[in-house]
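The block underneath contains the structure these notes are about, expressed in structure tokens.
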Amino acid sequence: MGLFSWFADTLRHYPEIAIFLTLAFGYYFGKFTFKGLGLGSVTATLLAGVLIGQLGITISQPLKATVFLLFLFAVGYGVGPQFVRGVAKDGVPQALFAVVQCLLCLAVPIIIVKLAGYDLGYAA
0 MGLFSWFADT
10 LRHYPEIAIF
20 LTLAFGYYFG
30 KFTFKGLGLG
40 SVTATLLAGV
50 LIGQLGITIS
60 QPLKATVFLL
70 FLFAVGYGVG
80 PQFVRGVAKD
90 GVPQALFAVV
100 QCLLCLAVPI
110 IIVKLAGYDL
120 GYAA
């Protein structure tokens, strides 16, 4: 138990090591497949992060924000072309639905206020 507590204390004291271990474990275990099924690098890294995170490691807020922005960039970079194709193909009906929904959310309270006889002060 002494070696495990030393390892956990080291990771708590140096959270950078925990981050790089998470990436390394995720990349390593993401390659494995079992009967044609595999986790992939991303899923394995997320699972490794959950497991290593159970050690109670605290990461500074600027580092959290930076890594989260890098994650968003990577997801956007990978999904970007599919998103643009989807908007070009199905974008007009979805935009029209959003506009109709906004107009209804504005019109329904106005109609109810008029029917109930409230003035503008009570309606707000």
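If you count by numbering that gives the first Met the number 0, then the sequence shown holds residues 0 to 123, one letter each, in order.
All C-beta atoms in this analysis are idealised placements derived from N, C-alpha and C, irrespective of residue type, glycine included.
Any chance the region 39-54 sits against the region 19-31, with 3 or more Cβ pairs inside 8 Å? With a cut-off of 8 Å, the region 19-31 and the region 39-54 count as touching, because enough Cβ pairs lie within range.
Assuming the contact rule is C-beta atoms closer than 8 Å, Thr14 and Thr57 should be a hit. Round their C-beta distance to whole Å, please. Reading the sequence as shown, one finds Pro at residue 14 and not Thr. In this structure, Pro14 and Thr57 form a Cβ contact; the two beta carbons are roughly 7 Å apart against a cut-off of 8 Å.
May I have the straight-line CA-CA distance separating Leu50 from Gly39, to the nearest angstrom? Note on geometry: alpha-carbon atoms of Leu50 and Gly39 lie some 17 Å from one another.
With a Cβ-Cβ cutoff of 8 Å, do Leu54 and Arg11 count as a contact? Yes, the pair counts as a contact, with Cβ atoms nearer than the cut-off.
Tell me whether Thr32 is buried or exposed, calling it buried when 16 or more other Cβ atoms sit within 10 Å of its Cβ. Around the beta carbon of Thr32, fewer than 16 other beta carbons sit within 10 angstroms, so the residue counts as exposed.
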